[in-house]
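Contents: one structure, followed by commentary.
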Amino acid sequence: MDFELAKAMIGETALKQGLRYLRNNPERNLVNLAKWGERLAREPEHKAYAKQWADMFGDEGNNWRQLAVKALNQLAPDVVEKIGINMFINAGLLSPERRRQGEAKYGVHIPWAILIDPTGRCNLRCTGCWAAEYDRSQDMDYETLDGVMTEAEDMGINFFVISGGEPTLRMNDLLALARSHYESVFHIFSNGTLITKDVAGRCAEVGNITFAISLEGFEEQTDARRGKGTFKKVMEAMDNLREAGVPFGFSGTYTRENTETLGSDEWIDLMVDKGCLLGWLFTYVPVGGDSDLELMATPEQRLFMLQQVRKWREEKPIFVADFWNDGPFTQGCIAGGRNYLHINATGDVEPCAFVHYANVNIKHCSLAEALKSPLLLAFQKNQPFNSNHMRPCPIIDNPEMLERMVEESNAYPTQKNGITAAELCRPLHGYAKAWGKIADRVSSEASVAAN
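Numbering (this note's numbering), first residue to last: 11 to 461.
Here's what the structure looks like:
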């Protein structure tokens, strides 16, 4: 079916009416809407999904029902409408067919999202920052940002993850881009220190901007890595976004020093109370400034975080994802253009935010040409990097794979220090082996239990 015809059939008007219906009485109408969907569904699997949602939303104690009600009550009405349309219609329902058409047109696999850095500049100097060895004086010019997003939307990509540097240093440009690309979602990773009431209000007016704000734990842990006073500024930023009705969540990096804090119920309860709707967890990867293998979470701590996140999904009204431990749900690594890629502030097209190697620069080629770069194609050819999806990463779980792909594709380092793939990867073999033993045991136990 032609995607424009699909859009006409489904209609933004119908979705808007549904969202308005939900906002009138979320507690009651979530159940009614799910039951309505169950009656209208034609395919057996769709009926099963609708029934599952109806049962879930009918249980007042269900954490996912609580999250849905919270979001509908907390977010500004225009934001609910804009994010709903962009996520469910543009980036959800219509995107697969548009990407298939783009793949046929350009002869390349098209990912679901793009991670792009408008600036390398930052107002903080965090210990072990993954981006610290980039050229931190660089800004990507507005025309390039706009051009990449225009090409991406033409290919069926309607989800842009914004990183840096500190992207809110370019807030005026980001607001302008979000207005221009109003059919897409902008998800901004920020340190939160510059999100004032005015910034939050302007984001609410645009409607298609969401935030993930970086924290290392409570005040002690956050200020130790990010600088004194940072935690209080982040708490204020969350208050500003919640009051303005803008969707936001947290972004946490767990290390040997803070895993037990980020993985505690006390911590996640604070995030829920502050109004976070989602949370992204990253395990520390020794790239960037002051990289230190001793800062990596131990294999035992990584397993602890896996167990905590899965427990929270059963209990807490917040969606939390762990990019490494969720490999079984994503069928391995999602980088390298499979589901996303990274474009840094100088324009280098990298497979991942943590893989600082590239073959091409977006300032000198089209997005379609960039997607055909040898390193991205090598990623896609070799994915998954391990048959055990609990070991998804080509950096910390399968470092021999990253070294080989970088060398065979003749990719250049994008960090100022020019670290080679061998220098990055070979010290990680010990960690990969230790985690592999745990991951293989847990995977085997899960397989036995399932049978």
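Don't be surprised by glycine CBs; every beta carbon is placed ideally from N, CA and C.
Checklist line | Neighbourhood of Phe-13 by C-beta, 6 Å cutoff - its chain only, sequence neighbours within 5 removed | finding: No answer about Phe-13 holds up, because its pLDDT of 45 lies below 50 and its placement is not dependable.
Item checked: When Glu-193, Tyr-192 and Asp-249 are compared against Gly-202, the one with the closest alpha-carbon -> Selected option, being the one with the closest Cα: Asp-249.
Margin query: If distances are taken between C-alpha atoms only, which option among Cys-286, Glu-325, Leu-316 and Trp-322 comes closest to Pro-338?
Written below: Its Cα nearest to that of Pro-338, the residue Leu-316 stands out among Cys-286, Glu-325, Leu-316 and Trp-322.
Notebook entry, point to check: Roughly how many whole angstroms lie between the Cα atoms of Asp-156 and Ala-307?
Noted result: Across the structure, Asp-156 and Ala-307 are spaced so that their CA atoms are roughly 38 Å apart.
Next item on the list: Output yes or no for whether 8 Å exceeds the beta carbon distance between Ile-405 and Val-365.
Entry: yes
Checklist line | Residue range of the unbroken alpha helix (DSSP H) whose run includes Ala-247 | finding: For Ala-247, the enclosing alpha helix (DSSP H) has its first and last residue at 240–254.
Notebook entry, point to check: From which residue to which residue does the alpha helix (DSSP H) around Ala-468 run?
Noted result: Absent from the structure is residue 468, since the part of the chain shown begins at 11 and ends at 461.
Notebook entry, point to check: According to DSSP, is Asp-279 helix, strand or coil?
Noted result: helix
Next item on the list: Go ahead and label Asn-34 buried or exposed: buried means 16 or more other beta carbons lie within 10 angstroms of its beta carbon, across all protein chains shown.
Entry: exposed
Margin query: Alpha carbons only, please: which of Val-297, Tyr-294, Tyr-264 and Val-295 is nearest the one belonging to Gln-318?
Written below: Tyr-264
Check: What are the complete alpha helix (DSSP H) segments, minimum 4 residues, inside the segment 176–201?
Finding: 181–190
Checklist line | Cut-off 7 Å between Cβ atoms - residues of its own chain near Pro-309, not counting five sequence neighbours on either side | finding: The residues are Ala-444, Trp-445 and Ile-448.
Next item on the list: Within its chain, find whatever has a CB closer than 7 Å to the CB of Lys-243; leave out the 5 residues flanking it on each side and keep chain order.
Entry: Gly-202 and Thr-203
Notebook entry, point to check: Whose CA, out of Ile-429, Val-458, Gln-84 and Asp-450, lies closest to the CA of Asp-300?
Noted result: Ile-429
Notebook entry, point to check: Under 8 Å between the Cβ atoms of Val-90 and Pro-36?
Noted result: no
Next item on the list: Since I believe Ala-44 is in contact with Ala-60 (beta carbons under 8 Å), could you give me their beta-carbon distance rounded to a whole number of angstroms?
Entry: Indeed, because the Cβ distance is near 6 Å, the residues count as touching under 8 Å.
Item checked: Segment limits, alpha helix (DSSP H) that includes Ser-383 -> DSSP places Ser-383 in no alpha helix (DSSP H); its state is neither H nor E.
Check: For Cys-435 versus Pro-394, is the C-beta spacing smaller than 8 Å?
Finding: no
Note to self: At the level of alpha carbons, what is the spacing between Lys-321 and Ile-278?
What the structure shows: If I take the Cα positions, the gap works out to 11 Å.
Item checked: For Met-400, the three-state DSSP class (helix, strand or coil) -> coil
Checklist line | Asn-420, DSSP secondary structure in three states | finding: Assignment of Asn-420 by DSSP, reduced to helix, strand and coil, places it in the coil class.
Check: Considering Leu-288, what are the terminal residues of the beta strand (DSSP E) in which it resides?
Finding: Looking at the DSSP string, the run of the beta strand (DSSP E) that includes Leu-288 is 288–293.
Next item on the list: Could you tell me which uninterrupted beta strand (DSSP E) segments, each at least 3 residues in length, are contained entirely in the segment 287–371, listed from first to last along the chain?
Entry: 288–293 and 329–332
Checklist line | Extent of the continuous alpha helix (DSSP H) run through Ile-93 | finding: Looking at the DSSP string, the run of the alpha helix (DSSP H) that includes Ile-93 is 87–94.
Check: By a C-beta neighbour count over all protein chains shown, 10 Å radius and 16 as the cutoff for buried, is Ala-355 buried or exposed?
Finding: buried
Next item on the list: Going by CA-CA distance only, name the one from Met-245, Ala-214 and Arg-266 that's closest to Ser-224.
Entry: Met-245
Margin query: Measuring CB atoms only, is the segment 145–159 touching the segment 107–122, in the sense that at least three cross pairs come out at less than 8 Å?
Written below: No, because fewer than three Cβ pairs between the segment 145–159 and the segment 107–122 fall closer than 8 Å, the two stretches do not touch.
Margin query: Restricting to Cα atoms, I'd like to know which of Val-282, Asp-275, Gln-62 and Gly-237 is closest to Gly-259.
Written below: Val-282
Check: Does DSSP put Ile-429 in a helix, a strand or coil?
Finding: coil
Checklist line | Three-state secondary structure assigned by DSSP to Leu-125 | finding: strand
Next item on the list: Let me know if Gly-285 comes out buried or exposed under the rule of 16 or more other beta-carbons within 10 Å of its beta-carbon.
Entry: buried
Item checked: Beta-carbon proximity of Leu-3 to Val-416, cut-off 8 Å -> What is shown of the chain runs 11 to 461, which leaves residue 3 out entirely.
Checklist line | Nearest to Phe-333 (by Cα), restricted to the options Ile-344, Lys-326, Glu-324 and Glu-325 | finding: Ile-344
Margin query: For Leu-272, report the span of its alpha helix (DSSP H) as first-last.
Written below: 269–272
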